[in-house]
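Report on one structure; see the data block that follows.
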Amino acid sequence: MTYQLDPESFLHLFRTDRHPYVYDRRTNMILRINETGSIEDVDMAVLLESLDNLYSDLFGKPLGIPKRPTIRYPLDELQIIERIENHMEELVLGVTEACNFRCNYCVYSGKYRGERIHSSRRMSVETAKKGIDFFYRHSDGVRDPVHIQFYGGEPLLEFDLIKGCIEYAKKLFDRKPIMFGMTTNGLLLSPEKYDFLARNNALLMVSLDGPEDIHNRNRRHKNGDGTHTELMENLGGLKAYANDYYSTSVNFLPVISDPLDLPVILDFYQNNDLVGGHLVVPNFVYPFDTSFPTRSLGEEEEEVFGKVWADLINHHCSSIIHSNEFNKFAQSFFDRGLRRLHDRDLSTTVEEVPSSGICIPGKRKLFMQTDGGFYICEKTGDGFKIGDVETGIDYRKVVSFIDDYSKLSQTDCPECWVIRICPACYVSAKKGSGMSLSRRRENCRNIRIDMHNSLIMYTRIMEENPNALKYYFGEESNICSL
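Residue numbers (the working numbering): 6 to 487.
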């Protein structure tokens with residue numbers, strides 16, 4: 006059965022301090038409304054008539070109220086297979102499931118239902134080389150540098166294996182550009198490792214939650230002792246040993262377990278000599294299926310956090326508008342939404358809408374666990390297996406994951422205004438070892454809030470300086486007046 010959509014499912018009203026706007030998902034256009042009152046006073050019937058008049062001039066016909074669209078992945082099975090066979094971009098090697106920390110919020114701590122826990126399993130040299138060989142054979146069509154990342158557990162527990170992998174991959178890929186990196190807690194860094202990592206320009210993403218009291222609250226040794234002092238000493242040693250490498254290739258991953266810590270963490274990353282100016286990729290604690298106590302804010306606390314968040318937004322908009330120094334935190338929080346809007350496809354789509362946020366499993370990234378199993382990525386868990394290093398990619402499973410996600414999306418997404426700019430992927434629907442509509446719905450509310458705020462930021466920047474985002478992202482944008 007097909008039926009017409011409610012206009013609010015494809016038109017979204019919002020405003021900046023200057024003007025009201027409508028985002029129209031049918032065309033992916035952002036249009037200014039000549040309305041002086043509140044957006045709550047906008048008559049949707051009058052707005053639709055105005056849009057039809059505009060689209061009649063632009064496209065030769067009005068678009069009208071569409072029927073419920075079909076969610077369809079834009080590539081067929083043969084195209085999907087070709088992409089994986091020749092255009093694999095990144096291999097993530099899970100070299101160990103062991104860790105020298107016992108972080109309270111870790112997904113592998115035993116506090117998350119359905120997730121593995123720390124173990125002694127480690128990847129063999131033979132398995133690692135087979136994975137690198139497989140990656141080499143399937144990345145021939147990639148012209149940009151390909152990437153090999155090392156993941157754990159704590160990957161530096163297997164430093165000899167990592168050294169061997171990097172040396173082997175450099176010989177195998179020869180003149181083909183390749184980059185290396187890892188996520189690490191940094192406690193096993195030493196002069197020997199400084200030298201090797203710097204010589205190979207390996208990108209380090211170091212987990213550091215902020216100043217000592219905040220970091221040590223959750224990031225601890227197995228005996229419960231804090232780890233901040235040792236980590237900062239290691240970072241200082243690496244900076245002293247290879248300052249140029251440290252300045253360009255060492256970045257940070259703070260986990261925010263209490264939103265009210267944000268001002269203190271921001272201050273730390275802006276003013277500490279060892280971390281200031283580096284890329285920062287913050288995350289909040291994963292809130293689902295866990296016994297880890299997540300913080301709920303009261304009304305006054307919400308107000309305090311909201312002011313900090315608003316100040317961060319204002320600073321980032323001003324930085325883009327005036328090409329000032331950028332806050333690394335703000336870039337990580339807000340640039341993904343701004344980028345999705347900036348890169349959006351300004352085409353008319355009414356009857357069929359692509360699944361916007363999902364990758365081709367195994368193409369953009371392939372995660373190989375210690376036993377050689379292939380998975381969509383390191384965030385999806387054991388239920389998202391797509392093959393192994395001995396038998397290769399199971400393309401039936403790849404297509405099945407894409408189809409299952411598209412079918413799941415068909416339930417709610419056709420009636421959501423965000424559908425064409427939505428960043429949600431398989432992880433947004435992950436529940437245990439599979440995908441769940443209820444879990445997806447739990448994430449959708451926050452996605453809509455984020456994209457609403459992104460629209461406000463985006464149009465605010467364009468009002469002040471229409472060229473700002475062109476220079477920031479390198480492309481043109483399009484806002485029309487209605």
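We treat Cβ as the ideally placed atom computed from N, Cα and C, and that holds for glycine. Model, not experiment: these values are computed from the prediction.
- With respect to the C-alpha of L302, the residue from I391, P264, E217 having the closest C-alpha is P264.
- With a contact defined as Cβ atoms closer than 8 Å, F339 and M462 qualify at about 6 Å.
- With respect to E120, G311 sits apart: the two C-beta atoms are not nearer than 9 Å.
- When the Cα atoms are used, I153 and L240 turn out to be separated by approximately 23 Å.
- The shortest C-alpha to C-alpha distance from E45 to any of I167, L96, H92, H17 is the one to H17.
- Approximately 18 Å separates the beta-carbon atoms of G439 and G367; this is outside 8 Å, ruling out the contact.
- Boundaries around K312 are those of the alpha helix (DSSP H), 304-327, since no beta strand (DSSP E) includes it.
- The beta carbons of I38 and V27 sit about 6 Å from each other, so the pair counts as a contact at 8 Å.
- DSSP, reduced to helix, strand and coil, places E131 within a helical segment of the structure shown.
- Collapsing the DSSP output to three states places Y477 in a helix.
- Taking 9 Å as the cut-off, the beta carbon of C104 is found no closer than this to the beta carbon of G146.
- Residue I122 holds the alpha-carbon nearest to the alpha-carbon of C108 among V100, V269, I122, I363.
- V269 carries a helical assignment under DSSP once its states are collapsed to helix, strand and coil.
- Where F19 is concerned, the enclosing beta strand (DSSP E) starts and stops at 16-20.
- The continuous alpha helix (DSSP H) containing Q84 extends over residues 82-91.
- The straight-line gap separating the alpha-carbon atoms of L279 and A315 is approximately 27 Å.
- Residue state for I76 is assigned as strand, using DSSP reduced to three classes.
- Taking G397 as the centre and dropping the five residues before and after it, the same chain places no C-beta closer than 6 Å to its C-beta.
- In the DSSP assignment, T253 falls within the unbroken alpha helix (DSSP H) covering 248-254.
- Per DSSP, I381 is not a residue of any alpha helix (DSSP H), being assigned neither H nor E.
- Listed in chain order, the non-local C-beta contacts of G169 below 7 Å within the same chain comprise V130, local neighbours out to five positions each way being set aside.
- Three or more pairs of CB atoms, one per stretch, sit closer than 8 Å, so the stretch 90-97 contacts the stretch 370-378.
- Its chain contains L10, S14, R73, P74, T75, I76, V358 as the residues whose beta carbon lies nearer than 8 Å to that of P419, once the 5 sequence neighbours on both sides are disregarded; these appear in chain order.
- The beta-carbon distance between T232 and R224, rounded to whole angstroms, is 5 Å. This is short enough to meet the 8 Å contact definition.
- DSSP places H143 in no beta strand (DSSP E); its state is neither H nor E.
- For C449, the closest C-alpha among the options S125, S433, K116 is that of S433.
- Per DSSP, T464 is one residue of the alpha helix (DSSP H) stretching across 442-469.
- An exposed status is given to E395, since fewer than 16 other beta-carbon atoms sit within 10 Å of its beta-carbon.
- Per DSSP, the beta-bridge partners of K435 are M440.
- Put simply, the stretch 332-350 touches the stretch 273-290. At least three CB pairs are less than 8 Å apart.
- Of the residues L59, P216, D138, the one whose Cα lies closest to the Cα of N276 is P216.
- In the DSSP assignment, H123 falls outside any beta strand (DSSP E), carrying neither H nor E.
- Taking each of L413, K475, L351 in turn and checking the Cα distance to S441, the smallest one comes out for L413.
- Non-local C-beta neighbours of E82 in its own chain, meaning closer than 7 Å and more than five positions away in sequence, comprise V404, ordered along the chain.
- Less than 9 Å divides the Cβ of R425 from the Cβ of T354.
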